[in-house]
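Read in numbering that gives the first Met the number 0, the sequence shown has 56 at position 57, and its numbers run on one by one without any break.
Every residue gets a Cβ at the ideal spot worked out from N, C-alpha and C, and that includes glycine.
Accompanying notes for the structure given below.
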Amino acid sequence: MTVLLIDYIFLIRVLALYHQNKWIATCLRTLFGLDAAFGLSLLIYGNIYQEIVVGELAEGVTFCGVSRIFPKVSGAVSWAAPMVYAIILMTLALYKAAEHWRETAGFSQFTLVKVLIQDQAIYFIMAIFCSVMEIMENQLLITNPLLANLLSVLGSPSLLCVLGSHLLVHLKEAGERGANGGTSYRMKTMSNIEFS
């Protein structure tokens with residue numbers, strides 16, 4: 000569920016690129032809600048399916064375990080909705096980046112737009128990487144425990160959470176550097192980036 004926080008950060012960023020367009024905002028927020036509901040329902044179903052039990056080894060020492068193992072296909076399914084949502088956000092961001100590029104002959108004047116697009120691309124690449132590692136770990140029969148653990152760690156959403164913190168700091172630093180010559184610079188055809 001922590002990936003949802005980063006997806007929401009990107010939702011806000013994409014809406015800023017589109018100047019808080021109400022139609023796009025409604026569509027993206029609806030898709031975000033569906034993504035969150037899908038993830039939550041999969042989590043609840045997984046907990047019910049696995050029949051989580053609590054046992055006691057000795058007095059005051061308890062542990063949790065599962066009675067059944069969740070099917071291996073769950074790894075691929077659990078990453079499906081966030082990846083579709085990430086693809087939609089990335090497509091919208093790239094479209095707006097191409098529009099900025101075409102109108103200004105590059106990003107030299109628009110550091111904030113450059114930061115938004117770079118961060119979005121880095122996150123998207125890392126999300127695909129984590130998805131592939133998680134799917135490989137769940138779908139392949141890996142007999143080497145070291146390799147299985149390595150794939151599990153590389154497919155962990157924790158990497159994306161660390162990257163999420165970087166996204167906020169990177170945008171803040173770009174704003175503090177006076178990117179775009181401050182926030183009063185206006186293009187002829189587009190207004191400033193607007194964060195909600």
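Three-state secondary structure assigned by DSSP to residue i
i	result
residue 68	coil
residue 141	coil
Residue-level contact to chain C via CB, residue i, 8 Å cutoff
i	result
residue 91	Looking for chain C here will not work: only one protein chain is present.
Cβ-based burial, residue i [other Cβ within 10 Å; buried from 16]
i	result
residue 94	exposed
residue 53	exposed
residue 2	buried
residue 62	exposed
residue 164	exposed
residue 99	buried
residue 124	exposed
residue 66	exposed
Reference residue i, options the options, closest by Cα
i	options	result
residue 137	167, 169, 81 and 154	154
residue 79	170, 8, 130 and 22	130
residue 41	69, 121, 86 and 156	69
residue 13	159, 113, 162 and 135	113
residue 156	172, 168, 126 and 171	126
residue 111	133, 143, 175 and 65	175
residue 45	6, 171, 77 and 85	77
residue 159	21, 102, 128 and 51	128
residue 23	102, 87, 8 and 134	87
residue 152	134, 140 and 167	134
Continuous beta strand (DSSP E) stretch holding residue i: start and end
i	result
residue 54	51–57
The alpha helix (DSSP H) enclosing residue i, as first and last residue numbers
i	result
residue 18	Residue 18 -> no alpha helix (DSSP H), and no H or E assigned at all.
residue 155	Run containing residue 155: none; DSSP gives neither H nor E here.
Beta-carbon proximity of residue i to residue j, cut-off 8 Å
i	j	result
residue 16	residue 115	yes
residue 10	residue 37	no
residue 117	residue 92	no
residue 5	residue 122	yes
residue 132	residue 146	no
residue 140	residue 8	no
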